[in-house]
Structure formats: structure tokens, C-alpha cells
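Student:
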Amino acid sequence: MKVFHITSVHTRYDTRIFKKECISLAQTGYDVTLIVCDGQGDEVCEGVKIIDAGNYNRAPRLKRVRLGPKAIYSKLKKVALVDVVHLHDPELIFLGKKLVKKGIKVIYDSHENLPKQIMSKPYIPSWARKIISYSIDKIELSAARKFSSVVTVTDEIQKRFLSVNNNSLLVRNYPVLKSFPEPDFSKKDMSFMYAGGVTSIRGAKEMAQASNKAGIEVQVYGPVDSDVVDYTKNCPFFKLNGSLKQEDLIKVYATSSIGFILFYKVPNHMVCSPNKLFEYMASGMAVIASDIPMWKEIIDEYKCGICLDPYDVNAIADTMIYMKNHPDEVEKMGRNGRKAVLEHFSWECESKTLLKLYKDMEIQ
Numbered sequence: 000m001k002v003f004h005i006t007s008v009h010t011r012y013d014t015r016i017f018k019k020e021c022i023s024l025a026q027t028g029y030d031v032t033l034i035v036c037d038g039q040g041d042e043v044c045e046g047v048k049i050i051d052a053g054n055y056n057r058a059p060r061l062k063r064v065r066l067g068p069k070a071i072y073s074k075l076k077k078v079a080l081v082d083v084v085h086l087h088d089p090e091l092i093f094l095g096k097k098l099v100k101k102g103i104k105v106i107y108d109s110h111e112n113l114p115k116q117i118m119s120k121p122y123i124p125s126w127a128r129k130i131i132s133y134s135i136d137k138i139e140l141s142a143a144r145k146f147s148s149v150v151t152v153t154d155e156i157q158k159r160f161l162s163v164n165n166n167s168l169l170v171r172n173y174p175v176l177k178s179f180p181e182p183d184f185s186k187k188d189m190s191f192m193y194a195g196g197v198t199s200i201r202g203a204k205e206m207a208q209a210s211n212k213a214g215i216e217v218q219v220y221g222p223v224d225s226d227v228v229d230y231t232k233n234c235p236f237f238k239l240n241g242s243l244k245q246e247d248l249i250k251v252y253a254t255s256s257i258g259f260i261l262f263y264k265v266p267n268h269m270v271c272s273p274n275k276l277f278e279y280m281a282s283g284m285a286v287i288a289s290d291i292p293m294w295k296e297i298i299d300e301y302k303c304g305i306c307l308d309p310y311d312v313n314a315i316a317d318t319m320i321y322m323k324n325h326p327d328e329v330e331k332m333g334r335n336g337r338k339a340v341l342e343h344f345s346w347e348c349e350s351k352t353l354l355k356l357y358k359d360m361e362i363q
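Just so we're aligned: the sequence shown equals residues 0 to 363 in numbering that gives the first Met the number 0.
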């Protein structure tokens, strides 16, 4: 079966799209192609053919939305046979509807609760968010009715799509175990880190202020919003290191002891299941996380970190100092997190649902 995964937004080596889904399918024997829009050319990597439709994923938003899907469709028209197309971005919904009319099976992969995400987008005027969120909700659900399947990442998102498509499946974003070697706790140095988009809504300001207050460095890895650079200039303990490839980031995890995930409690974050939480756990790191109920339930149950109010700089600083002074407790949290991932939170378990979906589509 000839399978095409498509994204106009994500990078070609995106963790969920490429490293988890595409590679899992290719290793199972499917003919897998990934179409991206990054301007880096075509290649074959780990059994997956990658086709570049042009440099649109970093273009201005309106240009990307307008031209990215057209460029992708132009590439698809040159392919003799397409059995399944697996879409990864909301802006590709209309392309998906066009492909359905041509008799192609379409899977829509919903990485986020888009209507709730809209409600906290800083570039959308606050007065317009409810209107846009409502419209997006209707458009997305209407399209989902026509697709062969919807793949989701959380129970809440799955429930939303089950209202219109009975073949809506939950494939959680858990880490690939083989990518995370068994932690050597003797090499961990009681350092604090954060990995991911460095933005206000993900707690960058509070982390920076808390690091200064505690007098403890936080090593930060990821793309940085311009406003973050401005308000962290006077925070010498908040160290911006830029982005790293996943394999290099995992090496940093190996020597780090505590990872931050202090997302603001906005609607979309309240129902998301963040990659980084489970990557930290897989690496044997203790976590300092927002007290978002679904995160707190996991962290409390498996005793792998501390949850707190992400807006409370004093509480964050106090927690940093406490953990710095209690390395044995931090190591125990890290060991607990690693054990939990091995037993409950791995991609190796989640991928079975995805592979069954594709097996079922073969015989339909």
C-alpha cells in the first residue's frame, strides 16, 4: 500500500510525523512518502521517501496557507498511485476533501484541539477569537465526517471527533523507547533545563524570573520568540542555547536532572498531552510542571516530579532551591518516571493502534 504523510507546517524530521508514524509504517513494510514544505530538497531517510514541495513552512502565515497546499497537490498529481494520504495540519483540510472526491482514503491527524488553541493565539485579536474558534470547529468537524479516519493524541480530542466520525482513534504522543537509553544517574549533574518553543505562553518569563530569584541556571533549548529575548536580557541565569536536533537534545537529557514544563493554563494546554513531559520521564529526569489536572494526575501517581502554579514565580524559585538541595529525592523521581514510561507511556505500545488502522484500511 502506497502511503503519503503530508505537512505544510512541521519539519521533515518531526518527532510524531517522521520519527514515530512514518518510520513505524516503513518498518512494517508500507511504501511511505512524506511531503514537506521546507525548501531542503528531496531525500530518502530510514526507508521513508521525503519530497520537498517548496519553502513554505517558514513563510508568512497567509502565504503558507494559500500556497503550501497548492504546491503539495502539484506533487501528488505527479504520482501514479496513492492509496492513503495522512494529513497533519488543519490548513490541509480542503486538500483532503479534494482527495476524498478522487477516491483516495484520507486520514486526518489532529495534534491539538484547534478551536481551543485559537482562543489563546496572541496574533488573533481577542474580540475575534470566539468567532474564529466557532467557525474553525464547524469546518474541521464537517471535513472529518468525510475522512476515512481521524487520529488524535488525547482522550478529549478523540471524544470531539467521535461525534462525527466513528473511526476516530487515540494514538498518544509517547516517546520511542529505543531513542532514550537507560539513564546513568552517576552522569546527571543536578542541572535544570527546558526544551521546546520558548514563548510567553509556555512560561518563559516565569522560568527566567525564577532562575534569577533562585540563583540557579536553567539551560534552555528551542526556538525563541522575539519578545522573550527582550524580557530575558536581565536574567543571566536563563541560558538560551537555540534549537538542537532530537538526537543532540537526548544527549543533554542524559546529563540533566530536572526538566521544566510550565505551560500557562489556557484552554488548549488544559487538554494537551505534551511530548516533553514523557521525554523528560524517559530520560530519568524529575519534572517541575504546571498543575494542569491531567498532568498532575500522572506526576502524582508515579511520583516523578512536582506540580505547581505556573504563574507563581516565588513557588517556582522555592521548588528549584528545594530540589537542588535534595539530590536523592530528585534521583528517585527520575527513576520513577523512567519506570512509568517503560511500563505505560511508550510509542512501542501506542504504535499498535496506528498499525492496526492501516492494516484494516488494506482490506477495506
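Glycine included, C-beta positions come from ideal geometry on N, C-alpha and C.
1. At what residue ranges does the region 118-142 contain a whole run of the beta strand (DSSP E), taking only runs of 3 or more?
2. Assign Lys204 to one of three DSSP states: helix, strand, or coil.
3. Counting beta carbon pairs with one atom in the region 288-302 and one in the region 229-246, are three or more of them shorter than 8 angstroms?
4. Nearest to Leu66 by CA position, among Lys186, Phe3, Lys137, Ala52, is which residue?
5. Taking His85 as part of the beta strand (DSSP E), name the residues at either end of that continuous run.
6. What first and last residue would you give for the beta strand (DSSP E) that runs through Ile49?
7. Tell me where the alpha helix (DSSP H) around Met322 begins and ends.
8. Are the region 70-86 and the region 124-133 touching by the rule of at least three beta carbon pairs closer than 8 angstroms?
9. Alpha carbon to alpha carbon, how far is Ser178 from Leu353?
10. Relative to the C-alpha of Asp226, which candidate in Lys77, Ile215, Ser199, Asp308 has its C-alpha closest?
11. In three-state terms, what does DSSP make of Gly283?
12. If you draw a straight line from the C-alpha of Lys318 to the C-alpha of His9, how long is it?
13. Starting from the Cα of Phe191, find the closest Cα among Val251, Pro182, Ser350 and give me that residue.
14. Which of the three DSSP states is assigned to Cys21 in this structure?
15. Classify Met0 as helix, strand or coil using the three-state DSSP reduction.
16. Does the distance from the C-beta atom of Ile260 to that of Gly214 stay below 9 angstroms?
17. Could you check whether Asn267 and Lys115 sit closer than 9 angstroms to each other, using their CB atoms as the reference points?
18. According to DSSP, which residues form a beta bridge with Glu30?
19. In angstroms with no decimal places, state the Cα-to-Cα distance between Pro273 and Asn172.
20. Can you check which of these residues, Pro174, Lys238, Val197, is closest to Phe277 by C-alpha distance?
Tutor: So, from the listed chains and residues:
1. Entirely contained in the region 118-142, not one beta strand (DSSP E) run reaches 3 residues.
2. Counting from 1 along the sequence shown, the entry for residue 204 is found at position 205. In this structure, Lys204 counts as helix in the three-state DSSP scheme.
3. Contact between the region 229-246 and the region 288-302 is absent, because fewer than three Cβ pairs lie under 8 angstroms.
4. On the sequence shown, position 67 is the one that residue 66 refers to. Answer by Cα proximity: Ala52.
5. Counted from its first residue, the sequence shown places residue 85 at position 86. Element bounds for His85: 83-86.
6. If you number the sequence shown from 1, residue 49 lands on position 50. For Ile49, the enclosing beta strand (DSSP E) covers residues 47-51.
7. As a position in the sequence shown, residue 322 is number 323, starting the count at 1. In the DSSP annotation of this structure, the continuous segment of the alpha helix (DSSP H) that includes Met322 starts and ends at 312-323.
8. Judged by Cβ distances under 8 angstroms, the region 70-86 makes no contact with the region 124-133, as fewer than three pairs qualify.
9. Start at 1 with the first residue of the sequence shown, and residue 178 comes out as number 179. Start at 1 with the first residue of the sequence shown, and residue 353 comes out as number 354. Spanning the alpha carbons of Ser178 and Leu353 requires a straight line of approximately 19 angstroms.
10. Here residue 226 refers to the residue found at position 227 when the sequence shown is read from its first residue. It is Ser199 whose Cα lies nearest to the Cα of Asp226.
11. Numbered from 1 along the sequence shown, position 284 holds the residue referred to as residue 283. Here Gly283 carries a coil assignment [DSSP, helix/strand/coil].
12. Taking the sequence shown and counting its residues from 1, one reaches residue 318 at position 319. Taking the sequence shown and counting its residues from 1, one reaches residue 9 at position 10. Just to set this straight, residue 318 is Thr in the shown sequence, not Lys. If you take the alpha carbons of Thr318 and His9, they lie about 34 angstroms apart.
13. Here residue 191 refers to the residue found at position 192 of the sequence shown. In terms of Cα proximity to Phe191, the closest of Val251, Pro182, Ser350 is Val251.
14. Here residue 21 refers to the residue found at position 22 of the sequence shown. The answer is helix: DSSP assigns Cys21 an H, G or I state.
15. Taking the sequence shown and counting its residues from 1, one reaches residue 0 at position 1. In this structure, Met0 counts as coil in the three-state DSSP scheme.
16. On the sequence shown, residue 260 is found 261 positions in, with the first residue counted as 1. On the sequence shown, residue 214 is found 215 positions in, with the first residue counted as 1. Contact flag unset, no.
17. The residue you call residue 115 lines up with position 116 of the sequence shown. The residue you call residue 267 lines up with position 268 of the sequence shown. Going by C-beta atoms, Lys115 is nearer than 9 angstroms to Asn267.
18. To locate residue 30, count along the sequence shown from 1; it is residue 31. The residue asked about is misnamed: residue 30 is Asp in this sequence, not Glu. DSSP lists Lys1 as partners of Asp30.
19. Residue numbering aside, residue 273 sits at position 274 when the sequence shown is read from its first letter. Residue numbering aside, residue 172 sits at position 173 when the sequence shown is read from its first letter. Put simply, the backbone Cα of Pro273 is about 8 angstroms away from that of Asn172.
20. As a first step, residue 277 is located in the sequence shown; it is residue number 278 there, counting from the start. Of the candidates Pro174, Lys238, Val197, the one whose C-alpha sits nearest the C-alpha of Phe277 is Pro174.
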